[in-house]
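Undergrad:
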Ligand code: SF4
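Numbering (this note's numbering), first residue to last: -18 to 184.
#1: Taking the beta carbon of residue 81 as the centre, do at least 16 other beta carbons fall within 10 Å, making it buried, or is it exposed?
#2: Specify, as a first and last residue, the run of the alpha helix (DSSP H) that residue 60 falls within.
#3: In terms of alpha-carbon separation, which member of 152, 120, 118, 64 lies closest to residue 105?
#4: Classify residue 46: buried if its beta carbon has 16 or more other beta carbons within 10 angstroms, exposed otherwise.
#5: Decide if residue 145 is buried, meaning its Cβ has at least 16 other Cβ atoms within 10 Å, or exposed.
#6: Count the other CB atoms within 10 Å of the CB of residue 116; is the residue buried (16 or more) or exposed (fewer)?
#7: Could you tell me the alpha carbon to alpha carbon distance between residue 173 and residue -16, rounded to whole angstroms?
#8: How would you label residue 169, buried or exposed, when you count the other beta carbons within 10 angstroms and need 16 or more for buried?
What follows is the structure, encoded as structure tokens:
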């Protein structure tokens, strides 16, 4: 947490009080660079901050998303806006079951939305966080996906328990992106003394 507080990350969608913006940016962030997605924030938060406005400006939204390499997600995003407008009166539901039924919203995106916007205590586990937890705890997990997911979730909960859950979840995400990267920055890592991976001198 100390590391997180010292580093100011420019992720304005995490503090937005607009549910649609929070969900939209979690969708845009999938497999896309944060710096690329950041460029969209001002435009979307001023001009396309509701599903109705996106649908009214469909052509322009498609063109912006296509330019940024989000082509494959653009049409699904429009479909999502149609469903939010027709079925949810333009609101984003704080329900895992409803969220996961929306186009382009999978397990991680729904958890991220529930954590960030709905303030539900759900650990955010993407491939970066899984990599960090596996290294830090020296996990050698079999290839079964459910087994792996459940062990990683338990480890994440053990790290997050007793802390400001929402902030700690975001800290875990950012730490895994910026420090425990595929090529880890063990030289500047504040956890290097207790990390199993480091102890084995793998970095
Ligand atoms: S010491 Fe290295 S491997 Fe361990 S958590 Fe830090 S960056 Fe990751």
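Think of the CB as a built atom: it goes at the ideal place given N, C-alpha and C, for glycine as much as any other residue.
TA: A quick look at the data gives this:
#1: exposed
#2: 52 to 69
#3: 152
#4: buried
#5: exposed
#6: buried
#7: 13 Å
#8: exposed
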